[in-house]
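Working notes, beginning with the structure itself.
Numbering (my numbering), first residue to last: 189 to 507.
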């Protein structure tokens, strides 16, 4: 037996700073959870959605102060009955009126999709219902831990995206690789090309047809079998650190896409049960105040414990 769901009455919304700059279709999809996309676009095409009393195209960008009339929309009961779980509170590294920076745990996707019902952003919206806007400023892979910026204002989000596009934000990661990394500092400039495997999985490889990509790799410490590296991203391509280092013969420990699978299995027995990649440092100018921000996140316990084990079992190699 199917349920007809529940209809929302006509709503009138005044656009504030948080929603300003958003396309009307994206705004409606966000505030009307559980309403099919096809229905949202139908009411836009039919003119049932009005902005300041008039019809608008789906590409219209909202302006602060706009009055939006939203017609009744029917939400399925199934969509209404399964809200994202609140879960354990995510650790906050920095917060003000414009930004929220968290220390994302490994194993948690930043957003729902691809078989994942709820990610970091959905969890934050449940935990912080008083905040009118929460939008990811960038992404981290599911298995990568560390610093993740969430914008609380549209103006901050736009400024952060401009910063990243212009290379004005410094991002540094820590990773462990097998073998002896030699150079104290090494620039890696290898173009990266995205493709899909026959199974439909997203992958990246070094290719002349790819996008320009630049990583700066610094040696932090070295043991008998492993090297701890700091990688600074000058571009922000998908899987950039993982592919650049694998291309040089230094696959990330625990990497299930580009790594050494036999080594990963052995490392599990030694206590490393995840990919060793951690977003450790962010440095940028605050998008609204102009203040210089330098934010850091220590290695999570499971990675620090593996480092401690190396210290105990293997002498550090300086030569």
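By construction, the Cβ of each residue, glycine as well, lies at the ideal position given by its N, Cα and C atoms.
Cα-Cα separation between residue 435 and residue 299, rounded to whole angstroms: 28 Å
CB of residue 493 within 8 Å of CB of residue 442, strictly: No, these two residues do not count as a Cβ contact at 8 Å.
Contact check, residue 401 vs residue 379, beta carbons under 8 Å: yes
Reduced DSSP category for residue 294 - H, G, I as helix; E, B as strand; rest coil: coil
Nearest-angstrom Cα separation, counted from residue 212 out to residue 233: 12 Å
Sequence-distant residues of the same chain with beta carbon closer than 8 Å to residue 483, five excluded per side: Closer than 8 Å at the Cβ level, and outside the excluded window around residue 483, lie 281, 282, 289, 335, 469, 470, 471.
Buried or exposed (CB count within 10 angstroms, at least 16 for buried), residue 452: buried
Residue environment, residue 296, which counts as buried when at least 16 other CB atoms sit within 10 Å: buried
Same chain, Cβ closer than 8 Å to residue 250, five either side skipped, listed in chain order: Within the same chain, residue 250 has close Cβ partners 203, 207, 208, 209, 210, 211, 212, 215, 239, 256.
Residue nearest to residue 419 in terms of C-alpha spacing, selected from 242, 431, 457: 431
Cut-off 6 Å between Cβ atoms - residues of its own chain near residue 357, not counting five sequence neighbours on either side: 351, 472
For residue 466, the residue or residues it bridges with in DSSP: 333, 362
Of the listed residues 383, 476, 397, 500, nearest to residue 426 (C-alpha basis): 383
Among 325, 368, 329, the one whose alpha carbon lies nearest that of residue 349: 325
Residues that residue 211 bridges to, as DSSP identifies them: 249
Residue 461 to residue 344 span [Cα, whole Å]: When rounded, the distance between both Cα atoms is 36 Å.
Cβ-based neighbour list, residue 312, same chain, cut-off 6 Å, excluding 5 preceding and 5 following: 322
The alpha helix (DSSP H) enclosing residue 230, as first and last residue numbers: 225 to 233
Closest by C-alpha distance to residue 360, when choosing among 392, 406, 318: 406
Integer Cβ distance of residue 463 from residue 440, believed to fall under 8 Å: Right, their Cβ atoms sit about 6 Å apart.
Residue environment, residue 478, which counts as buried when at least 16 other CB atoms sit within 10 Å: Exposed, since its Cβ has fewer than 16 Cβ neighbours within 10 Å.
Residue 487 and residue 495 closer than 8 Å at C-beta: Taking 8 Å as the Cβ cut-off, residue 487 and residue 495 qualify as a contacting pair.
Exposed unless 16 or more other CB atoms sit within 10 angstroms - verdict on residue 266: Because the pLDDT of residue 266 is 45, which lies under 50, any placement of that residue in the model is unreliable, and the number read from its coordinates should be weighed accordingly. Flag for residue 266 reads exposed.
Proximity below 8 Å, CB of residue 287 to CB of residue 340: yes
Residue(s) in a DSSP beta bridge with residue 377: 402
Alpha carbon of residue 491 to alpha carbon of residue 415, nearest angstrom: 14 Å
Reduced DSSP secondary structure (H/G/I, E/B, other) of residue 307: Reduced to three states, the DSSP call for residue 307 is coil.
Local Cβ density within 10 Å of residue 475, reported as buried at 16 or more and exposed below that: buried
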